[in-house]
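Reviewing the structure listed below.
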């Protein structure tokens, strides 16, 4: 097999497991991390972007998108890496909940980096500022380390670059709302939401009905006068008070915003609003792990890529299927309908699918989706998939686990 010199950009969940899998495959790895610790977006900070909406390209950007009260919306059994289970500790340390808070996830990632020796590959407080293709299909990486004596610029050439910098969560997508430029209220992106208190007694509109919108709307409902969740995925006439709340409504997509402070929804209803939050929606860690195994195998030559002709035929077939389903091209990377199939393919390619792999994970994911629809406010604390938890625990016995010396199964 071929050993390559590989740069990994970012030391969050994706970067950590990419570095581990690349080294397991025999590659030499350097991880660039602009912060002073591993964890990526799971490192909570009160800092926010200098531009709350996140559209100014020259803004000072905060690395994390976490709100203070965040708990995972995935059960820890299916969230952890395949061979390093995210289990609770028998000594009671940390956050023992099945859907833990963000501090517990960060603790898990730091343990993962320590146990597998990933930290020794990381260059902390070093930011990658440019990557370009050079001769012999290699890559020049320019990095910057800021010090009291000024910036230190370093250029190195690598055989490959794996980008794991998490831009999906820090690069906002803002809804296109007619009239929003003259609307006088405050706009911000959910990336910059930390706590609800600054919005006390205000009327808030959240654009989107993703996980982040669901969590933030419930967090805000404790202190705001009203919170309206506007979703493009519901019927135009939708106007539903949310169960268990006197001040939260699900509404249709926003039709327009106006200079007098009003916001009009597609059902014709009008709201005077103080703030609009644009909400976009982390991925499963096993998903990162399977991708990393595949990338490492391709770079070593153990896994062969299909021909260019086969790739293009597959792309055409994919878009034909997408068009036939009535979905626009912006849904190219929406994995909802074929996430499990994609995971199976990656696992088979990487030759890592063993007994029990994926079956209980798929079932647990589906059970969680169902439970979330039945218990939107309590799904993190009430569930009915104990049999799947037992299956997971039986598999976890085969692996080194988070807190392995005193793990609680």
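In UniProt numbering, the protein residues as written are 1 to 409. Beta carbons are placed, not taken as given, at the ideal position from N, Cα and C, and that holds for glycine.
Cβ-based burial, residue i [other Cβ within 10 Å; buried from 16]
i           : result
residue 74  : buried
residue 72  : buried
residue 57  : exposed
residue 63  : buried
residue 27  : buried
residue 293 : buried
residue 92  : exposed
residue 345 : exposed
residue 164 : buried
residue 356 : No answer about residue 356 holds up, because its pLDDT of 44 lies below 50 and its placement is not dependable.
residue 157 : exposed
residue 354 : Annotation note: pLDDT 49 at residue 354 (below 50); position unreliable, no value reported.
residue 341 : exposed
residue 200 : exposed
residue 106 : buried
residue 368 : buried
residue 366 : exposed
residue 313 : exposed
residue 120 : exposed
residue 318 : exposed
DSSP three-state assignment for residue i, whether helix, strand or coil
i           : result
residue 303 : coil
residue 187 : strand
residue 42  : helix
residue 118 : coil
residue 133 : strand
residue 102 : helix
residue 321 : helix
residue 252 : coil
residue 282 : Any reading at residue 282 must be qualified, since the residue scores a pLDDT of 48, below 50, and its modelled position is unreliable; the value itself is stated next. Coil, per DSSP.
residue 53  : coil
residue 14  : helix
residue 144 : strand
residue 76  : helix
residue 199 : helix
residue 180 : coil
residue 327 : coil
residue 346 : helix
residue 380 : coil
residue 388 : helix
Pair within 8 Å by beta-carbon distance, residue i and residue j
i           : j           : result
residue 277 : residue 204 : yes
residue 227 : residue 220 : yes
residue 217 : residue 253 : no
residue 196 : residue 234 : no
residue 257 : residue 177 : yes
residue 194 : residue 46  : yes
residue 6   : residue 162 : yes
residue 213 : residue 376 : no
residue 296 : residue 24  : yes
residue 2   : residue 301 : yes
residue 78  : residue 361 : yes
residue 86  : residue 80  : yes
residue 30  : residue 18  : no
residue 22  : residue 118 : no
residue 388 : residue 363 : yes
residue 132 : residue 145 : no
residue 99  : residue 20  : no
residue 84  : residue 399 : yes
Cβ-based neighbour list, residue i, same chain, cut-off 6 Å, excluding 5 preceding and 5 following
i           : result
residue 299 : 4, 160
residue 142 : 129, 130, 155
residue 52  : 188, 192
residue 282 : Residue placement at residue 282 cannot be trusted, given a pLDDT of 48 that sits under 50; the coordinates are not used to answer.
residue 391 : 360
residue 320 : none
residue 70  : 102
residue 397 : none
Sequence-distant residues of its chain with Cβ nearer than 7 Å to residue i (five each side left out)
i           : result
residue 305 : 298
residue 59  : 49, 50, 51
residue 290 : 343, 346, 347, 350
residue 202 : 224, 225, 274, 275
Beta-carbon proximity list for residue i, same chain, < 8 Å, skipping 5 on both sides
i           : result
residue 175 : 207, 208, 254, 278
residue 248 : 217, 218, 221, 226, 227, 228, 229, 241, 242
residue 303 : 294, 297, 349, 350
residue 244 : 377
Residue i CB to nearest heavy atom of the ligand GTP below 7 Å
i           : result
residue 297 : With respect to the ligand GTP, the structure shown offers nothing to examine, as it has no ligands at all.
(request) Check whether the stretch 11-23 touches the stretch 33-45, taking contact to mean three or more Cβ pairs, one atom from each stretch, closer than 8 Å. (result) By the Cβ criterion, the stretch 11-23 is in contact with the stretch 33-45, since at least three pairs of Cβ atoms, one from each stretch, lie closer than 8 Å.
(message) Quick check: the stretch 298-317 against the stretch 30-38, are at least 3 beta-carbon pairs closer than 8 Å?
(response) These segments do not touch.
(message) Using 8 Å as the cut-off, can you tell me whether the stretch 179-198 makes contact with the stretch 249-267, which would need three or more C-beta pairs spanning the two stretches below that distance?
(response) The stretch 179-198 vs the stretch 249-267: in contact.
(request) Tell me, please, whether the stretch 146-159 touches the stretch 239-252 by the rule of three or more beta-carbon pairs shorter than 8 Å. (result) No, the stretch 146-159 does not touch the stretch 239-252.
(request) Say whether the stretch 380-397 touches the stretch 329-348, bearing in mind that this needs 3 or more beta-carbon pairs closer than 8 Å, one atom from each stretch. (result) Counting Cβ pairs under 8 Å, fewer than three are found: no touch.
(message) For the stretch 19-36 against the stretch 116-126, do three or more pairs of beta-carbon atoms, one drawn from each stretch, fall closer than 8 Å, so that the two count as touching?
(response) Counting C-beta pairs closer than 8 Å gives three or more between the stretch 19-36 and the stretch 116-126, which meets the contact rule.
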